[in-house]
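To start, the structure under review is shown below, and the notes come after it.
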Amino acid sequence: MRKNIVAGNWKMNTTVPEGVQLADDLVNLLKGTKANCDVVICTPFTHLCAVAAILEGSPVCLGAENCARHDKGAYTGEVSAAMVRSTGADYVILGHSERRQYFGENNEELSEKLRLALDNGLRPIFCVGEVLEQREDGSFNEVVAGQLEPLFNLPVDDFKKVIIAYEPVWAIGTGKTATADQAEDMHAFIRKQVEEKFGKQVAEATSILYGGSCKPGNARELFAKPDVDGGLIGGAALKAADFMGIIEAFS
Ligand code: 13P
């Protein structure tokens, strides 16, 4: 069966020493407990090596927040999938709404990034989600179906490595969480899309995470829904105790 996953997205927060401390605090909180889900933290590129050393021997996995669309060469300031992989990271977030919104990422670019991530042994956490206007005008299913397209061009064995995160943009960092029913409806819709493309068995094995103002206080209700397989956590991943509270929602 599919895995439950709680993943943190630190975004552009913490210096390296602060990030090392945060990772260390989390590892210490998890010591002696048995998490009932996979735990991943996705950090800025600058933190990956130092945080990888902290996570060694712990159950927490490491990921990056992005990777370049090119494999190497004269792209000053970019960080390739191979570079990310060489830090010890196993995951990479792709297509986060902030990257779509502020950096113009589209399906074509995301297809290239997916290819490079997978070719370099990284598991993509692929984000989709509508903006408020699309929620209000009722076009949200259609929007999300369009955003899923780069995944549906993958060979099935590659698709099986992908984790999908549904993050309604209106819920990100706003304190306005989607209701558990809204999340469930969209997750079930996404799973149906996967089923139509890759079949029921693959759809049932795909982890679909919810993101957007997920906190210890609302995680349990969201994760109780049959198609919500965990969370992609922003703000609440920046405090080890809060992140731990969300992990404990799977108990
Ligand atoms: P918040 O949890 O801060 O709303 O952010 C969600 C998110 O964007 C995770 O990728």
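If you count the sequence shown from 1, you need to add 53 to reach the numbering used here. Where a beta carbon is used, it is the ideal one built from N, C-alpha and C, also for glycine.
In angstroms, rounded to a whole number, what distance separates the CA positions of residue i and residue j?
i	j	result
C120	P203	16 Å
E161	V59	28 Å
M54	Q254	9 Å
W63	G284	13 Å
G182	G72	27 Å
L79	V184	32 Å
H149	T86	31 Å
G157	V113	31 Å
A134	I146	11 Å
R168	I225	27 Å
Q235	A127	44 Å
Kindly indicate which residue of the options has the alpha-carbon position closest to the one of residue i.
i	options	result
V137	L175, A103 and P112	L175
P70	V93, K56 and T99	T99
L291	S266, R273 and E249	S266
M239	I94, G264 and P97	G264
Where do the N-terminal and C-terminal ends of the beta strand (DSSP E) with residue i fall, by residue?
i	result
L115	V113 to A117
V181	R176 to V181
L262	I261 to Y263
D91	D91 to T96
A218	I216 to Y219
Tell me which residue opens and which closes the alpha helix (DSSP H) that residue i is part of.
i	result
I225	Unbroken run through I225: none, as it is neither H nor E.
V207	Here residue 207 is Leu; the residue named in the question, Val, does not match the sequence. It is not in any alpha helix (DSSP H) - L207 carries neither H nor E in the DSSP assignment.
A103	L101 to L108
A256	K253 to A258
Notebook entry, point to check: Does the region 250-263 come within contact of the region 210-217, defined as at least 3 CB pairs closer than 8 Å?
Noted result: With the cut-off at 8 Å, the region 250-263 and the region 210-217 touch.
Check: On the three-pair Cβ rule with 8 Å, is the region 189-206 touching the region 271-280?
Finding: Contact between the region 189-206 and the region 271-280 is absent, because fewer than three Cβ pairs lie under 8 Å.
Checklist line | Within 6 Å of the ligand 13P: residues by beta-carbon to any heavy atom | finding: The set, ordered by position in the chain, is N62, H149, E220, I225, G226, G264, G265, S266, C267, L285, I286, G287, G288 and A289.
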